[in-house]
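Report on one structure; see the data block that follows.
Number of protein chains: 2
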Amino acid sequence: MNRTDTVIKVELGARSYPILLGSGLISRGDSYAPFIRSTQVMVVTNETVAALYLRKVKSALKGYEIDTAVLPDGERHKTLASVTGILDRLLQQRFHRDCTVLALGGGVIGDMGGFAAACYQRGVALIQVPTTLLSQVDSSVGGKTGVNHPLGKNMIGAFHQPSGVVIDIDTLTTLPGREFSAGMAEVIKYALIDDREFFHWLWENMDDLMARDRTALCSCIARCCRNKARLIAQDEREYGRRALLNLGHTFGHAIEAAAGYGNVLHGEAVAIGMSMAADMSSHLGLLTEGDARRIRSLLRAAGLPVSPPQGLSRRQVMALMQQDKKVHQGVLRLVLLQGIGEACLDSGFEPGVVEQVVACA
Amino acid sequence: MNRTDTVIKVELGARSYPILLGSGLISRGDSYAPFIRSTQVMVVTNETVAALYLRKVKSALKGYEIDTAVLPDGERHKTLASVTGILDRLLQQRFHRDCTVLALGGGVIGDMGGFAAACYQRGVALIQVPTTLLSQVDSSVGGKTGVNHPLGKNMIGAFHQPSGVVIDIDTLTTLPGREFSAGMAEVIKYALIDDREFFHWLWENMDDLMARDRTALCSCIARCCRNKARLIAQDEREYGRRALLNLGHTFGHAIEAAAGYGNVLHGEAVAIGMSMAADMSSHLGLLTEGDARRIRSLLRAAGLPVSPPQGLSRRQVMALMQQDKKVHQGVLRLVLLQGIGEACLDSGFEPGVVEQVVACA
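From first to last, the protein sequence lines stand for chains A and B. Under the working numbering, the first residue of the first sequence is numbered 1, with each subsequent residue one higher. Under the working numbering, the first residue of the second sequence is numbered 1001, with each subsequent residue one higher.
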């Protein structure tokens, strides 16, 4: 471990694990070694990421019995069929219950590699090696895994905590601008949930972040991971406070599905969703109009959209929201804002208010 | 709850749950009510069991929003495709995350209903209503769920503890004789693992049990559930002592797969496997030849086979055993017997001994 590396602990009792954060980690064997139980490692990745990093990971893992499952790139391949392909490969290669799955890529790869690890022989070890900003600050931490179904996003999946998360900041240099911005949506989410100070820090440092300054990025990612780790430690299975992490996601998932997966990036949909949540909060008198405006400004500064693409059907978005996982006993529960850094769960609003916000956007 | 009902608690911290055991429970709404979180209940069953009990369960659940997934009967349908069918149904019917899956049937239904509950929206509530002796004493308790893969049994699955288990002893009256005997294999297993006194009790009461005397059956099933609950409480995820529950299963799974799923019943394969484990233990000087003989006699008294069917390929059985989940770092670990009621994990034997036992059987 280099002096400059950061280690963040996710405290979950017997399922606790560290997040390693630093530069060049992806090419170093000691980043992975503590998390590998036997000699068998299945690297799950996609074609795009494989071309950039697979050779580095493989040479870092010299001496292990490595096999790879390389999937096509894109959210539309996040299906049970793709995960079945990984499971077939694990069985064909006679991987045992003490093997390790290493998910190398963005959120889609992390979700599918993680779900395969969750289901193979009722659960094997998992290392998350997220290579996008979005997966580094969000999806690689917390144990949510799964796939989409034609009738809904992330509807099939499991909670499966990794043994370790390895975040190499250098991978962000190859990330396309649109995807970088999409990751910033989740970054801003952490500020809005419970960290007003971070919101101000983001105002001050947005230029450096967008220029991908390493020092700024390291501080930013570490802060997001710490904030997420704290929420997860309080509520691993999302019975309560962890649900705040869904800020912007109920609107966002519906927009993503209505637009067709891949047309609007997940982070972009979350940005639109957070903007809608801010709007709704201000309609309900929870948030000042000034704060709602500041939120939209910060999202725009990060290169993000704040309203849905043209031609989206309001009725379809509403129907998709009703099928959301956050519906309890038929009642839609949304994460709203009582202030910047003060998210709350709310289900006591008139359904008409939601329609109004969706319609106006 | 009637005075005569038995309640056994499985102690797993936040995931603790009760097993209700008695007569007529299947037709009573209060058997299920404590375990249902909202109004949506998906009953997963098969054609055979549906014809016998679905109407009773449905009328016990009057007032709930009930839907059913009726699968074809048989181990060969225990596939990811069948589970996908259940998940499709849950989504089509717009079941929410607070819904409940009720698995009504034998081990195959419990494993698949349980796996669907584990994966739907990353985990929903599950009630196990086992209707075979085998599933009542074994598979409905402990949270193991999953499906078979062409390359191995139970290779895809999850740990997902139920909210409650409802065992209605009356369902055993409709169970075919061969399946009843198959369940007795798992009953005898509990005696062999760590309950010598129960072995003697089984000697004394085998005639009553085979005649399906209710009092004898109730005592017997309660004892098995208590023994299993104790082992699971010590080791939910099978890192140690819980592995003793696999007595006879490594041999058994290989025999089952080699014979073709469904040709040898799971319980029959376990009986053959326990007989092989006893043989091997006695070859290794762990168990007296007299005790090995007594074990075979009790198995025979329960109407069970003690050697594999004619024409099974020894090479195939050996190859299948090497792919077993109990292989650690390439070394096969077997559950052997140091005595009746004294099972132990062993991997320090010569591989030749295993071949010898498989060959001689």
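Backbone N, C-alpha and C fix where the C-beta goes; we use that ideal spot for every residue, glycine too. The structure presented is a predicted model; accordingly, all values stated were derived computationally and were not measured.
Quiz item: Can you check whether the CB of LEU1299/B is closer than 8 Å to the CB of LEU1337/B?
Solution: no
Quiz item: Taking only beta-carbon atoms, is LEU217/A less than 8 Å away from chain B?
Solution: no
Quiz prompt | Coarse secondary structure for GLY1110/B, derived from DSSP in three states | solution = helix
Quiz prompt | Nearest-angstrom beta carbon gap, LEU1332/B and SER1347/B [assumed within contact, 8 Å] | solution = 7 Å
Quiz item: ASP111/A and LYS58/A: beta carbons closer than 8 Å?
Solution: no
Quiz item: Checking contacts by CB at 8 Å: is ALA1118/B closer than that to chain A?
Solution: yes
Quiz item: What does GLY1240/B touch in chain A if you count any residue whose Cβ is under 7 Å from its own?
Solution: The contacting residues do not exist; GLY1240/B stays about 13 Å from chain A at best.
Quiz item: Can the beta-carbon of ASP195/A be found less than 8 Å from the beta-carbon of GLY341/A?
Solution: yes
Quiz item: How would you list, in chain order, the residues of chain A whose beta-carbon sits under 9 Å from the beta-carbon of GLY1114/B?
Solution: Simply none; closest approach about 11 Å.
Quiz item: Taking DSSP as the reference, what is the three-state secondary structure of LYS1228/B?
Solution: helix
Quiz item: Which residues bound the beta strand (DSSP E) around HIS435/A?
Solution: Only positions 1 to 361 of chain A appear in this structure, which leaves residue 435/A out of reach.
Practice problem: Output the distance between the C-alpha atoms of GLY234/A and LEU1012/B, rounded to the nearest integer angstrom. | Solution: It should be pointed out that residue 234/A corresponds to Gln in this sequence rather than to Gly. Their backbone Cα atoms lie some 19 Å apart in a straight line.
Quiz item: In chain order, which continuous runs of the alpha helix (DSSP H) of length 4 or greater are located wholly inside the segment 253-313 of chain A?
Solution: 266-283, 289-301
Self-check item: Close Cβ partners of MET1155/B (< 6 Å) along its chain, the five nearest in sequence each way excluded
Solution: HIS1149
Self-check item: Backbone CA spacing between TYR32/A and LEU102/A [nearest angstrom]
Solution: 9 Å
Quiz item: Hey, is LYS418/A's beta-carbon within less than 8 Å of any beta-carbon in chain B?
Solution: Not covered by the structure: residue 418/A. The range shown for chain A is 1 to 361.
Practice problem: Please state whether DSSP places PRO18/A in a helix, a strand or coil. | Solution: strand
Practice problem: For MET1367/B, go through chain A and note every residue whose CB falls closer than 8 Å to its CB, in chain order. | Solution: Outside the modelled stretch of chain B, which goes from 1001 to 1361, sits residue 1367/B, for which no answer is possible.
Exercise. Compare the C-alpha of THR1039/B against each of LEU1025/B, ARG1094/B, LYS1056/B, ARG1028/B and name the closest.
Key: ARG1094/B
Quiz item: Do VAL1049/B and ILE1109/B have their C-beta atoms within less than 8 Å of each other?
Solution: yes
Quiz item: Of the residues HIS160/A, GLN121/A, VAL124/A, GLU268/A, which one's Cα is nearest the Cα of SER140/A?
Solution: HIS160/A
Quiz item: My guess is that THR1100/B and VAL1070/B are in contact by the Cβ rule of under 8 Å, so how many angstroms apart are they, rounded?
Solution: Going by Cβ atoms, the distance from THR1100/B to VAL1070/B rounds to 17 Å, so no, they are not a contact pair.
Quiz item: What is the rounded straight-line gap between the Cα of ARG1003/B and the Cα of VAL1043/B?
Solution: The predicted position of ARG1003/B is uncertain, since its pLDDT is 46 and thus under 50; a value taken from the coordinates is nonetheless stated next. Near 28 Å, if we compare the C-alpha coordinates of VAL1043/B and ARG1003/B.
Practice problem: Could you say if the segment 292-309 of chain A and the segment 122-138 of chain A meet the contact criterion of at least three C-beta pairs nearer than 8 Å? | Solution: no
Quiz item: Cα-Cα, which of LEU80/A, LYS189/A, ASP67/A is closest to ARG89/A?
Solution: ASP67/A
Quiz item: For the candidate residues LEU247/A, GLY311/A, LEU217/A, whose alpha-carbon lies nearest to that of SER275/A?
Solution: LEU247/A
Quiz item: Taking VAL353/A as the reference, which of GLY164/A, HIS283/A, GLY339/A has the closest Cα?
Solution: HIS283/A
Quiz prompt | For ASP1207/B, three-class secondary structure by DSSP | solution = helix
Self-check item: Check whether TYR164/A and PRO305/A have beta carbons under 8 Å apart
Solution: Residue identity check: residue 164/A is Gly in the sequence provided, not Tyr. Against a cut-off of 8 Å, the Cβ pair of PRO305/A and GLY164/A comes out as no contact.
Quiz prompt | Interface flag, GLY1146/B vs chain A, CB-CB below 8 Å | solution = yes
Practice problem: Would you kindly work out how many angstroms separate the C-alpha atoms of ARG1055/B and GLU1065/B, rounded to a whole number? | Solution: 15 Å
Quiz item: Do LYS189/A and VAL270/A come within 8 Å of each other at the CB atom, strictly closer than that value?
Solution: yes
Practice problem: Establish whether the CB of PHE349/A and some CB of chain B are separated by less than 8 Å. | Solution: no
Quiz item: Any beta-carbon of chain A closer than 8 Å to the one on ALA1158/B?
Solution: yes
Quiz item: Who are the near neighbours of LEU87/A in its chain, counting only those whose CB is closer than 7 Å to its CB and skipping five residues on each side?
Solution: ALA116, CYS119, TYR120
Quiz item: Which whole-angstrom value is the C-beta distance of VAL129/A and LEU104/A, which I expect to be below 8 Å?
Solution: 5 Å
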